Structures are given as C-alpha cells and as structure tokens.
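One structure is given below, encoded as structure tokens.
In full-length UniProt numbering, the protein residues as written are 1 to 273.
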C-alpha cells in the first residue's frame, strides 16, 4: 500500500520510488493519473486498474498473482490508499488469503491538515466525506457536534461553500475551524477562523471554492453539568401523564438538555413515586 504525493511531487519517498520500481505490477486507481507520476520518475512498471467499482472483482486476480510470487503495489490517485480512497477492500482480501499487506507511508491530507491546524486537543475523529445533500449532511454533523475531539472532514470543491455553511449552522458560527485547501499545491490555502467567518469568506471568494479541501473543526467546549434536580419541574408533570420514553423525548425537545441525563433523572423520579 504505497502513499503517493497529494500535490507536490517532492513529497514522494525514496522507499515508495523503490517499491514502485521493483514491483511486478502496480494496481492504480486511475492508470492515467499514476502514469504521469511514473513518467516523472522514469518508472516503467506495468499497471492494472483497481478502482472503487472493480475492487472486488480484481481482488481475486491480484491474489492469484501474489500466489504466483508477484509483488503488487497498490496506489490511489493521490495520498494513502484506503483513506477515503480505494484500497481497503483489496487489503482485506489479501489478509484473508494469508498474504502480507505492507504499508509504505507518505503524504496524507489528513495528517497534513491536523499538523497545520494549531489545535491542541490530543484526540481527533476522522469523518471523511459528508453526504452531498444538506439535510443528510446536517444530520451527520449533529451526531459529532458535541464530541470532545477535533473532527476532520474532506470535501469536494463544488460543495465546500454549502458544507461550511452547514457546519456553521450546526456547530455554531463561533466554533473555530481550519480550512486547508489544495494542500502542497501551488495555491495552497490554510486559514483558521470561526466557522461563521470561514463560511462568509468562502462564499465571497470563488477561488476558495476550487480544489480539494480538508476542514478541521475544533472540539466542543466542555458542557457545564447541570444538577439533575434542575430537570424536575419539567419532568414531573410529563412522566405523570406520558410513558417514560415519550416524556424524556418531549423534555429533551423543550429543554435541549442531554437525553441521558434526562432519562436517568426521570427514572429516579419514577421510582420515588
């Protein structure tokens, strides 16, 4: 599994070049894209196309080559295979067949964006690509909005403006984030600002709507823990008239308080009746 540059060809490693040169065949996501990389470094190893839509069917052929003693180098168009790119299906099949899977580390948009973000949170969650439609995208963002981790997203250029606007709506316009666009390329842009400002900046500058983007959103601030008894005035009349789950759901909708805390307190009040 060979990582290739995400933009700047100088980021190819000596080990990657050696593996690509010595392999019997290169399994490439797009042979035209990889062909340009190989040409740049004078590598003539033959290629086969292994992409998202044929990864399952090609796995058997690659395993047959491994069984015959061949070395196969897997690459995606840019970056590290299987990280929001094809490669995981093939790696799983090779593991299952009893052959060795060897990572050749290198360029990664994920780690590049994290390293340049300046956020000090020790923990991060890599989400990858969000759904393309706003409703589903906001639903997914809501699932991670209160997590105490940095959250890292990939986004395509034609969706970046809408995506960051949705992030500002769900996470809040004051949550800090970093837009890392066109990493390692000529027009690389890395900007850290509150999401509301980032959304406005992207919407007003069409240049920021070009190229692949990584968005790193800061961790949610720790919530102040409310005393469980503070929910009593709301919960008591509800659990007197409604089933417990329905009472808790309604209390959450009214107050916005954490469901688990409401449920635990509702159970205590129910037992005390």
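Ideal placement from N, C-alpha and C gives every residue a C-beta, glycine not left out. Source: prediction; values computed, not measured.
Residue 194 is positioned such that its CB atom lies closer than 8 Å to that of residue 173. Inter-residue distance for residue 162 and residue 215 is about 13 Å (C-alpha atoms, whole angstroms). Pairing residue 28 with residue 105 gives a Cβ-Cβ distance that is not under 8 Å.
Cβ-Cβ distances below 6 Å link residue 12 to 5 in the same chain, with the five nearest sequence neighbours on each side left out; the list follows chain order.
Between the beta-carbon of residue 190 and that of residue 180 there is about 5 Å, and that keeps the pair under the 8 Å contact cut. Taken in chain order, the unbroken stretches of alpha helix (DSSP H) that lie wholly in the stretch 26-102 and span 4 residues or more are 31-40, 55-67, 88-96. The C-alpha of residue 84 lies about 15 Å from the C-alpha of residue 92.
For a cut-off of 8 Å, the C-beta gap from residue 40 to residue 9 is around 6 Å, short enough to register as a contact. Nearest to residue 217 by alpha-carbon distance, out of 258, 242, 116, 152, is 152. The beta-carbon distance between residue 209 and residue 201, rounded to whole angstroms, is 11 Å. This is too long to meet the 8 Å contact definition. In this structure, residue 154 sits away from residue 123, with a CB-CB distance that is not shorter than 8 Å.
Counted as a single uninterrupted DSSP element, the beta strand (DSSP E) harbouring residue 129 occupies residues 124-129. DSSP places residue 265 inside the alpha helix (DSSP H), whose first and last residues are 259-272. Annotation for residue 182: no alpha helix (DSSP H) segment contains it, and DSSP assigns it neither H nor E. Counting every other CB atom within 10 Å of its CB across the protein chains shown gives residue 129 a total below 16, marking it as exposed.
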